[in-house]
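To keep things clear, I will list the structure first and then write my remarks on it.
Protein chains: 2
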Amino acid sequence: MEHRIEKIKKQLHSQSYKLTPQREATVRVLLENEEDHLSAEDVYLLVKEKAPEIGLATVYRTLELLSELKVVDKINFGDGVSRFDLRKEGATHFHHHLVCIECGSVAEIEEDLLGEVESQVENQWGFEVKDHRLTFHGICKSCQKQTVTATTTTHMEQ
Amino acid sequence: MEHRIEKIKKQLHSQSYKLTPQREATVRVLLENEEDHLSAEDVYLLVKEKAPEIGLATVYRTLELLSELKVVDKINFGDGVSRFDLRKEGATHFHHHLVCIECGSVAEIEEDLLGEVESQVENQWGFEVKDHRLTFHGICKSCQKQTVTATTTTHMEQ
DNA sequence: CTCTGTGCAAAGACTTTGCAAAGTA
DNA sequence: TACTTTGCAAAGTCTTTGCACAGAG
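Line by line, the protein sequences are chains A and B.
Quick note, the working numbering runs 1301 ahead of the 1-based positions in the first sequence.
Quick note, the working numbering runs 1301 ahead of the 1-based positions in the second sequence.
Shown next as structure tokens:
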């Protein structure tokens, strides 16, 4: 944890940015909620617990800065809110997501999965792949169990 | 073209919706710009040429309706605007996109590519895949040619 | 006549920007 | 001092909603 903060601090410094208390608090929230795909608002509320005087604009600015530095990835599951996801240590590619259309849960897949597909795209379409976004929509394990007996009709948008 | 309008008309009727002139104009714009990934605003401006009296709200409502009927897919390339993409005839899966980070162009891939990956997700994670979104970010063919000699530094956000 | 659909304007949600004040090297 | 960062409030952008009116069956 401290080690990852240090690393981010160095990344900031290397571009002449500072790791201010507000930025550090923001990064800590992201580290403590790595699995959660927080929206800017979510981050703001959590950061406020550590640093009550922080402004929402600062959180937005910090998240944007971290995006530029590729410390976090900005993602969008189609609900009109940007979400922010910390890059894993040493991750070479952007991880994938499984969004459950029943309960809205979001799981992550770290495995690459796309290696072959990417070379196919490069060879067949002449497109030089730099990054990707892959999201599966479907029914998660626990909702499958429930749906066997129940006749749920709850759905999520998009 | 007329045949596809007819089909959509039937789909609407089957759910007790009508294909009003405004809705038809909207569908026609989508059909005529199938490759273009139009935003709601784009669609609005184009529909206005055919039906100047239409309101922006109607376009939004129509696009949402068409999304629900799965006539169009709502996508988001991370620029804060929803874009709308007509489903291809008989398409069983959502097609993929190649977004060029130099020039912003968006190309489509109709090939499935993910069949194997999906079964892997189903088997290994117990997640029942219903749909997917796959977007590659990178450099398109024509930008690659240019960048060989030029030292372009133009970038697109996210 | 009844119910659906429309246009307009207003409201809403999310995000960005301007600016003076505060902090840092 | 010179430069970066912050908080607040205001403005911006995209989208949805409320409502009276028009239209189809």
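All C-beta atoms, glycine included, are put in the ideal place defined by N, C-alpha and C.
In the same chain as A/ILE1440, and ignoring 5 residues on each side of it, the C-beta atoms closer than 8 Å to its own belong to CYS1401, ILE1402, GLU1403 and THR1448, in chain order.
Burial check for A/GLU1325: the Cβ neighbour count within 10 Å reaches 16 or more, so the residue is buried.
Looking at the DSSP output, B/ALA1408 sits in a beta bridge with B/LEU1399. In this structure, A/VAL1328 sits away from A/TYR1345, with a CB-CB distance that is not shorter than 8 Å.
Residue-level contact by beta carbon fails for B/HIS1304 and chain A, as no gap is shorter than 8 Å. As the crow flies, the alpha-carbon of A/SER1368 is around 21 Å from that of B/ILE1376. Here A/ASN1377 carries a strand assignment [DSSP, helix/strand/coil]. Interface annotation, A/ARG1434: in contact with chain B, CB-CB separation under 8 Å. Bounds of the beta strand (DSSP E) holding A/LYS1431 are 1429-1440. In chain order, HIS1338, HIS1398 and VAL1400 place their CB closer than 6 Å to the CB of B/VAL1407, counting only its own chain and leaving out the 5 sequence neighbours on each side.
Relative to the Cα of B/VAL1348, the nearest Cα in the group B/HIS1396, B/TRP1426 and B/VAL1330 belongs to B/VAL1330. B/ASP1374 and A/HIS1438 do not touch by the CB rule: their CB atoms are close to 11 Å apart, not below 8 Å. Taking 7 Å as the upper bound on Cβ-Cβ separation, chain A lies near residues LYS1375, ASN1377 and GLY1379 of the segment 1357-1382 of chain B. Contacts with chain A at 8 Å (Cβ-Cβ) do not include B/GLN1316. Chain order gives the chain B residues near A/GLN1445 as GLY1427 and GLU1429, where near means a beta carbon separation below 8 Å. The continuous stretches of beta strand (DSSP E) do not include B/LEU1331, which lies in the alpha helix (DSSP H) extending over residues 1322-1333. B/GLN1323 and A/ARG1362 have their alpha carbons spaced roughly 41 Å apart. For A/ASP1386, the enclosing beta strand (DSSP E) stretches over residues 1383-1387. If you look at A/GLN1425, you'll find it in the alpha helix (DSSP H) that goes 1416-1426. Any Cβ of chain B closer than 8 Å to the Cβ of A/GLY1416 would place that residue at the interface, and such an atom is absent.
Here the segment 1405-1421 of chain A makes contact with the segment 1409-1420 of chain B; the two share three or more CB pairs at distances below 8 Å. A Cβ of chain B is located within less than 8 Å of the beta carbon of A/LYS1442.
B/LEU1331 has a beta carbon lying at 8 Å or more from every beta carbon in chain A.
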